[in-house]
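Report on one structure; see the data block that follows.
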Amino acid sequence: MIKLTKSGEPAVLLANKTNWKSQLLHLIANNQPVPDSLYTRYNHDEVKDALRTECNSKCMYCESKVEHITDLHIEHIQPKAKTKFPELTFEYANLGLACPLCNRNKSDTYDPNNAFINPYIDSPDNHFYAWGVFLWPKDNDNRARLTELEIGLNRNELIEARAERIKALKGMIDSYKREANATIKEAIRKQIMKEVGDDKVYSFFCKMLVDSEI
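Each step along the sequence shown adds one to the number in my numbering, with nothing skipped, and position 25 is 25.
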């Protein structure tokens, strides 16, 4: 998980969210069924494209890129369930992108006293550290601990994917350390820096590895 920044709100939400929210809350208040055609209006291509840019086409929680095999889901940071925060259903500040597994694991879980780490508001490196391929909460950080446990940020599939990524990066670092030619060494360093950019998968882990090795 890395720090993310909100971009400008998509025009489709600016133009429609107030009306959509009014319709939604009216139906909920009157115990009437909410049609999917209303409930999912946030799931618009314009919204998803904006979120994709913000998140570098990665899951906001685990940093996986999955769109070559499945869709990223529009995530409600505070759950939109009728008993939780339906008024935030169409609020752009409450939206992000998550892979299907993180989205499913998080579900409607919400503890106001231990809210999940929100990379748009929180700085993840203030709450987590990388130990090899594992994401660990910093000492006594219950919010980070709950985030890791509930969303499953150390699930087996992630451990395996991170291990492959770190192995490849370590190979580049070893090559950099062995290289005697200053010009070639600098070229390798530049390539390593590209490989830890925010657009790369598992960049939280990769940056910490590079910071400790170079």
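Just so you know, even glycine gets a beta-carbon here, dropped at the ideal spot from N, CA and C.
Residue from Y110, A98, F116, R162 whose Cα sits closest to the Cα of F85 = Y110
Is it true that the CB of E75 sits closer than 9 angstroms to the CB of L97?
-> yes
Quick one: residues in its chain with C-beta nearer than 8 angstroms to the C-beta of F204, no 5 flanking neighbours on either side, listed in chain order?
-> M1, I2, E63, P124, D125, F128, A130, L135
Verify the CB distance criterion: does E46 have a CB-CB separation below 9 angstroms to chain E?
-> Protein chain content of the structure displayed is limited to a single chain, and chain E is not contained in it.
Chain-order list of residues whose beta-carbon lies under 7 angstroms from that of G8 (same chain, five-residue window excluded) = none
Any idea what DSSP makes of H26, helix, strand or coil?
-> helix
Please classify A115: does DSSP put it in a helix, a strand, or coil?
-> coil
Pick from A50, K185, A29 that is closest to L13, judged by C-alpha positions | A50
Does the distance from the C-beta atom of I173 to that of V133 stay below 9 angstroms?
-> no
L149 classed as buried or exposed, judged by whether at least 16 other C-beta atoms fall within 10 angstroms = exposed
Is it a yes or a no for the stretch 79–94 touching the stretch 10–28, going by three-plus beta-carbon pairs under 8 angstroms?
-> yes
What is the rounded straight-line gap between the Cα of P33 and the Cα of L27?
-> 7 angstroms
Sheet register partners of L135 (DSSP bridge) | A130
So, helix, strand or coil for I69, using DSSP?
-> coil
Run of the beta strand (DSSP E) containing F98, from where it starts to where it stops | Contrary to the premise, residue 98 reads as Ala rather than Phe in this sequence. Per DSSP, A98 belongs to the beta strand (DSSP E) from 95–98.
In three-state terms, what does DSSP make of E179?
-> coil
Between T18, K194, Q23, which lies nearest to S37 when the distance is taken from Cα to Cα?
-> Q23
Since V210 and I192 are thought to touch, with beta carbons under 8 angstroms apart, how far apart are those beta carbons, to the nearest angstrom?
-> 6 angstroms
First and last residue of the uninterrupted alpha helix (DSSP H) at E46 | 45–55
Compute the beta-carbon to beta-carbon distance between N103 and I77, rounded to the nearest angstrom, for a pair I have assumed lies under 8 angstroms.
-> Actually they are not in contact, since the Cβ atoms of N103 and I77 sit about 11 angstroms apart, beyond 8 angstroms.
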